[in-house]
Amino acid sequence: MKSSTSAKPQNKTLTEWLSYLESIHPSVIELGLNRIKLVADRLNLDFSDKTVITVAGTNGKGTTCRFLEQACLSKGKTTGVYSSPHLLEYQERVRINNVSAQSQALCAAFATIEEAREDISLTYFEFGTLAALLLMKQADVDILILEVGLGGRLDATNIIDADLAVITTIDLDHQDWLGDTRDAIAREKAGIMRSNGKAVIGEPEPPQSLRDVVESLSVSARWAGQDFYTQQHDETWSWISDDCRIDDLPTPRIPIQNVATALAALQILDLLPAPSAVRELAAAVSLPGRLETIALLPRVVVDVGHNPQAMAALRRWIASQPYHKLHFVAGMLKDKSIKATLAELNGLSARWFLGTTKGPRGAASRLLQENLDKSEQNQSNCYNSVGEAYAQAINEADERDLIIVFGSFLTVADVMHSTLPPS
């Protein structure tokens, strides 16, 4: 049965809608596609005449989707992108032709879904997925780019058959839902593939289970390091596939691996821009919260990375940066692999400012400190909030220093909110 509401659907604000969506389902996550498929059918969400790209992976999904979006727009295609979670505003989760959805449009979509679902239970994420698809249908976009929220096989985005499945990277994350081995997690992510379909695999060391699924479904797959790869030069790099080579690419503002994966996806769909356009895209494409510089003197860089693989990439990036002293502002969620994640940054001679992350999933700063290496603990302090930790880091840092804020979307959002000018 539907829950009662204090305002009629047509009168709800976006904030009221989001609060309502959080209240009507007992679980944040309920895996399974039967319920959402029934509602999608009632809404006639048919995209069989469109190009659909579904992107799964542990890390790199958002930046890969971003590059795909910008490349398709450069080719004159209309695009719809669905991604999660958002950083500062819920509207970020849906982009039509590179413009975030309007609050009123989302409210109208939620009202339509609420009417269509009748007594079918939907989670917050399922409601949001249907709203995104509904807005893309209304906009009649040429290309849908869907970022998987969790896993792949049973994620709400998987109700739509993709023309191309993209898998970025595979690492341990969400083990409670996806399994505690890379092999098990890869099998879940492979669930976005379709029989006799197409796929691009950006993971350089794919588990055997991924190859098994590709073979069993007769998928035409392109593999990183095998069918496409990169070559690093002094100040530029090259992207190379079986029948294409693009040289003199500038260092991108997002990970090279994700650019390479996106280029392979564009090639398989016959949407690869001209080399000159690829160079422009590589130089320009960025995504908020991903190695983003938000202040100078001292330089402050925020990154939403929250698992070992992401931290390994962050460490490689740090090695390429000039700075006097290094400071980490960290806040994480307690259901993440805290010890393994922090261990990737051991030995960097940094000051640690550890903040308690807000919300029921937030980890206390003391928990982070306990999971630091013993030598790192001596260089750390705990604070009641990420905001306090960040303020102290700013207070102690020299203009020549580098401050890196990381650990979760919530952590980065807290700091970015604190640096925004008052409205």
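Residue 393 in my numbering sits at position 389 of the sequence shown, with consecutive numbering throughout.
Every residue gets a Cβ at the ideal spot worked out from N, C-alpha and C, and that includes glycine.
Source: prediction; values computed, not measured.
Residue i - DSSP class collapsed to helix/strand/coil
{"i": "V56", "result": "strand"}
{"i": "D251", "result": "strand"}
{"i": "R46", "result": "helix"}
{"i": "S370", "result": "The displayed chain sequence assigns Arg, not Ser, to residue 370. Reduced to three states, the DSSP call for R370 is helix."}
{"i": "I342", "result": "helix"}
{"i": "Q381", "result": "helix"}
{"i": "N15", "result": "helix"}
{"i": "K202", "result": "strand"}
{"i": "F410", "result": "strand"}
{"i": "S23", "result": "helix"}
{"i": "G61", "result": "coil"}
{"i": "V289", "result": "coil"}
{"i": "V282", "result": "helix"}
{"i": "L150", "result": "strand"}
{"i": "D180", "result": "With a pLDDT of only 48 at D180, under the threshold of 50, the placement of this residue in the model should not be trusted, and no figure is reported."}
{"i": "R226", "result": "strand"}
{"i": "I244", "result": "strand"}
{"i": "L137", "result": "helix"}
{"i": "T68", "result": "helix"}
{"i": "L2", "result": "The structure shown does not extend to residue 2, since the chain is modelled only from 5 through 427, so no value can be given for it."}
Contact check, residue i vs residue j, beta carbons under 9 Å
{"i": "F357", "j": "A323", "result": "no"}
{"i": "E76", "j": "K16", "result": "Glu is not the amino acid found at residue 76; the sequence shown has Cys there. For C76 and K16, no; Cβs fall outside 9 Å."}
{"i": "V442", "j": "I163", "result": "The requested residue 442 is not part of the displayed model; the chain covers only 5 to 427."}
{"i": "A203", "j": "V170", "result": "yes"}
{"i": "T423", "j": "G335", "result": "no"}
{"i": "T58", "j": "V145", "result": "no"}
{"i": "T173", "j": "Q325", "result": "no"}
{"i": "T83", "j": "L148", "result": "yes"}
{"i": "P211", "j": "D187", "result": "yes"}
{"i": "S1", "j": "Y387", "result": "A question about residue 1 goes unanswered here, because the residues of the chain that appear run from 5 up to 427."}
{"i": "G206", "j": "A268", "result": "yes"}
{"i": "K141", "j": "F51", "result": "yes"}
{"i": "R283", "j": "I250", "result": "yes"}
{"i": "L137", "j": "A44", "result": "yes"}
{"i": "V409", "j": "F71", "result": "no"}
{"i": "L214", "j": "G201", "result": "no"}
{"i": "L352", "j": "R319", "result": "yes"}
{"i": "V420", "j": "V306", "result": "Going by the sequence as given, residue 420 is Met instead of Val. Result yes, Cβ atoms of M420 and V306 sit closer than 9 Å."}
{"i": "A354", "j": "Q383", "result": "yes"}
{"i": "T68", "j": "A278", "result": "no"}
Pairwise C-alpha distance: residue j and residue i
{"i": "D418", "j": "V390", "result": "7 Å"}
{"i": "D165", "j": "N101", "result": "21 Å"}
{"i": "I124", "j": "R404", "result": "56 Å"}
{"i": "G3", "j": "R46", "result": "The displayed coordinates of the chain run from 5 to 427. Any statement about residue 3 would go beyond what the structure contains."}
{"i": "D377", "j": "I342", "result": "12 Å"}
{"i": "T9", "j": "S87", "result": "For T9, the predicted model reports a pLDDT of 44, less than 50, meaning its position is unreliable and no value from the coordinates is stated."}
{"i": "H367", "j": "K54", "result": "Sequence inspection shows Ala at residue 367; the His mentioned does not correspond to that position. Those two C-alpha atoms are separated by around 42 Å."}
{"i": "Y128", "j": "L291", "result": "24 Å"}
{"i": "Q271", "j": "H328", "result": "42 Å"}
{"i": "T360", "j": "L349", "result": "19 Å"}
{"i": "S379", "j": "A316", "result": "19 Å"}
{"i": "H90", "j": "G293", "result": "10 Å"}
{"i": "P254", "j": "Q235", "result": "12 Å"}
{"i": "A287", "j": "A395", "result": "32 Å"}
{"i": "N38", "j": "L158", "result": "10 Å"}
{"i": "F430", "j": "T240", "result": "In the structure as shown, the chain starts at 5 and stops at 427, and residue 430 therefore has no counterpart that could be examined."}
{"i": "E119", "j": "D246", "result": "50 Å"}
{"i": "N48", "j": "V56", "result": "16 Å"}
{"i": "R99", "j": "E296", "result": "20 Å"}
{"i": "E20", "j": "E26", "result": "10 Å"}
{"i": "F131", "j": "I117", "result": "7 Å"}
{"i": "G66", "j": "E374", "result": "31 Å"}
{"i": "G229", "j": "I260", "result": "13 Å"}
Cβ of residue i within 9 Å of any chain B Cβ
{"i": "T83", "result": "Protein chain content of the structure displayed is limited to a single chain, and chain B is not contained in it."}
Segment limits, alpha helix (DSSP H) that includes residue i
{"i": "Q212", "result": "212-220"}
{"i": "R186", "result": "186-193"}
{"i": "E119", "result": "107-121"}
{"i": "T265", "result": "260-272"}
{"i": "Q325", "result": "Careful: Q325 lies outside any alpha helix (DSSP H) and carries neither H nor E."}
Residue i, enclosing beta strand (DSSP E) - first and last residue
{"i": "D418", "result": "No beta strand (DSSP E) holds D418; the alpha helix (DSSP H) holding it covers 413-423."}
{"i": "V145", "result": "Where V145 is concerned, there is no enclosing beta strand (DSSP E), given that its DSSP letter is neither H nor E."}
{"i": "Q396", "result": "That residue, Q396, is in no beta strand (DSSP E); its alpha helix (DSSP H) goes 390-400."}
{"i": "I163", "result": "It is not in any beta strand (DSSP E) - I163 carries neither H nor E in the DSSP assignment."}
{"i": "L358", "result": "354-359"}
{"i": "L91", "result": "From DSSP, L91 is part of no beta strand (DSSP E); its letter is neither H nor E."}
{"i": "T83", "result": "83-86"}
{"i": "I298", "result": "296-299"}
{"i": "D307", "result": "303-307"}
{"i": "I100", "result": "98-100"}
{"i": "L168", "result": "168-171"}
{"i": "T127", "result": "Careful: T127 lies outside any beta strand (DSSP E) and carries neither H nor E."}
{"i": "F232", "result": "232-236"}
Heavy atom of the ligand FMN within 8 Å of residue i beta-carbon
{"i": "I117", "result": "With respect to small molecules bound, the structure shown includes none, and the ligand FMN cannot be examined in it."}
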